[in-house]
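A.B. asks:
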Amino acid sequence: MRSVIAYILLLAVMLPTLSPWGTVAYYHINKSYIARELCENRQKPIAMCYGKCYIPKKLKEQQYKKDNETTERVENMPFLQLFFETVSAFIFDEKPIPDLKSLRFFFRISDYSTPATGILRPPQ
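For the sequence shown, the working numbering gives the first residue as 1111, with consecutive numbering after it.
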């Protein structure tokens, strides 16, 4: 029972991907009807189209329909705001920036020691 449900779900997911193949299969099944009734060049037997003009027209129509559905879905999607953050006003004081050349930063590497130097020592 689970495998049947899995196959149905897989088919439902893959169906939009396989729809162009359905159009091609429909063309091959009904080739004589399409050549007789739906072909744009049915009045010109020299063109030897035999309904091949039908496939690109239908595929383009399907793609256009799919693009319009996607666009409508995106445009009509409701906007849900999950949080709201209050924006506070920033006030910048106009303090003079000190001259970096006048500031001196001195440190000596030999004076620096980690807190763990007394505890952790390499093997001797």
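Glycine included, C-beta positions come from ideal geometry on N, C-alpha and C.
1. Would you call the region 1166-1184 in contact with the region 1123-1139, where contact means no fewer than 3 C-beta pairs closer than 8 Å?
2. Would you identify the three-state DSSP class for residue 1209, choosing helix, strand or coil?
3. Put residue 1171 into one of helix, strand or coil per three-state DSSP.
4. Quick one: give me the first and last residue of the alpha helix (DSSP H) that residue 1126 is part of.
5. Sorted by chain position, which residues of the same chain lie with C-beta nearer than 7 Å to residue 1157's C-beta, five sequence neighbours on each side aside?
6. Run through DSSP, which three-state label would residue 1179 get?
7. Thinking just about the alpha-carbon of each residue, which of 1231, 1153 and 1134 is nearest to the one in residue 1167?
8. On the CB-based measure, 16 or more other CB atoms within 10 Å of its CB, does residue 1137 come out buried or exposed?
9. In whole angstroms, give me the CA-to-CA distance for residue 1188 and residue 1182.
C.D. replies: Based on what the coordinates show:
1. yes
2. Reading the sequence shown from its first residue, position 99 is the one you call residue 1209. Note: residue 1209 maps to coil in three-state DSSP.
3. Here residue 1171 refers to the residue found at position 61 of the sequence shown. Residue 1171: helix per DSSP, three-state reduction.
4. Within the sequence shown, the letter at position 16 stands for residue 1126. 1112-1139 is the extent of the alpha helix (DSSP H) around residue 1126.
5. Walking along the sequence shown from the start, residue 1157 turns up at place 47. Taken in chain order, the residues that qualify are 1151.
6. Against the sequence shown, residue 1179 aligns to sequence position 69. Residue 1179 falls in the helix class under three-state DSSP.
7. On the sequence shown, position 57 is the one that residue 1167 refers to. Ranking the options by Cα distance to residue 1167, first place goes to 1134.
8. Residue mapping note: residue 1137 aligns to position 27 of the sequence shown, counting from 1. Buried, since its Cβ has 16 or more Cβ neighbours within 10 Å.
9. By one-based count along the sequence shown, residue 1188 stands at place 78. By one-based count along the sequence shown, residue 1182 stands at place 72. Their Cα atoms are separated by approximately 12 Å.
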